[in-house]
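Peer 1: Below is one structure. I have some questions about it.
Residue numbers (our numbering): 6 to 121.
Pasting the structure below:
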């Protein structure tokens, strides 16, 4: 009997599901609020993320939500912000996205290669 590496032969979640990480801006108040808001917004929009235009629209909706939650100038949340990076697994392809300096990478042997 030969040793075989375990492999996943099909997705363990529905195709079109986004996998995202948001990182609140350090040094700014309430970065954790902005990052939680973005992740929750992406999760709520996820059933319709079928292609690049849909992902761009979702990211714009996230940006609007952060601005709206920030409220008026001078409020505790006014300067909050976050980066976000992630992927949407589609049949036969992987759609990667990022906003800010967070990036998506592909693990190859002993290094990580950025996905452009």
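The C-beta atom is built at its ideal place from N, Cα and C for all residues, glycine as well.
Is there contact here, the stretch 91 to 107 with the stretch 18 to 35, by at least three beta-carbon pairs under 8 Å?
Peer 2: Enough Cβ pairs lie closer than 8 Å, so yes.
Peer 1: Report all residues from its chain with a CB closer than 7 Å to the CB of residue 119; omit the five preceding and five following residues, and keep chain order.
Peer 2: As a working mapping, residue 119 is identified with position 114 in the chain shown. Counting only Cβ-Cβ distances below 7 Å, and skipping sequence neighbours, we find 108 and 110.
Peer 1: Give the DSSP-derived three-state secondary structure of residue 8 in the structure shown.
Peer 2: The residue labelled residue 8 in the question sits at position 3 within the chain shown. Summary for residue 8: the model assigns pLDDT 49, below 50, so the residue's position carries little reliability; its value from the coordinates is reported in the next sentence. In the structure shown, residue 8 sits in coil (DSSP, three-state: anything other than H, G, I, E or B).
Peer 1: Alpha carbon to alpha carbon, how far is residue 99 from residue 48? Give it in angstroms, no decimals.
Peer 2: Along the chain shown, read from residue 1 onward, the residue named residue 48 stands at position 43. Along the chain shown, read from residue 1 onward, the residue named residue 99 stands at position 94. Roughly 17 Å separates the two Cα atoms.
Peer 1: Give me the Cβ distance between residue 64 and residue 74, rounded to the nearest whole Å; I'm assuming they're in contact under 8 Å.
Peer 2: Here residue 64 refers to the residue found at position 59 of the chain shown. Here residue 74 refers to the residue found at position 69 of the chain shown. The Cβ separation is near 16 Å, so there is no contact.
Peer 1: Return the chain-ordered list of same chain residues with a C-beta closer than 7 Å to the C-beta of residue 112, the five sequence neighbours on each side being excluded.
Peer 2: Indexing the chain shown from 1 puts residue 112 at position 107. The answer is none, since no qualifying residue turns up.
Peer 1: Could you tell me if residue 91 is buried or exposed, where buried requires 16 or more neighbouring beta carbons within 10 angstroms of its beta carbon?
Peer 2: Stepping through the chain shown from its first residue, residue 91 is reached at position 86. Buried, by the Cβ-count rule.
Peer 1: By a C-beta neighbour count over all protein chains shown, 10 Å radius and 16 as the cutoff for buried, is residue 164 buried or exposed?
Peer 2: Look at the range of the chain in this structure, 6 to 121, and you will see that residue 164 is not part of it.
Peer 1: Short check: CB of residue 40 to CB of residue 22, under 8 Å?
Peer 2: Taking the first residue of the chain shown as 1, we reach residue 40 at position 35. Taking the first residue of the chain shown as 1, we reach residue 22 at position 17. Cβ distance not < 8 Å, so residue 40 and residue 22 don't count as in contact.
Peer 1: Does the separation of the CB atoms of residue 38 and residue 85 fall below 8 Å?
Peer 2: Locating residue 38 in the chain shown gives position 33, counting from the first residue. Locating residue 85 in the chain shown gives position 80, counting from the first residue. Contact: yes.
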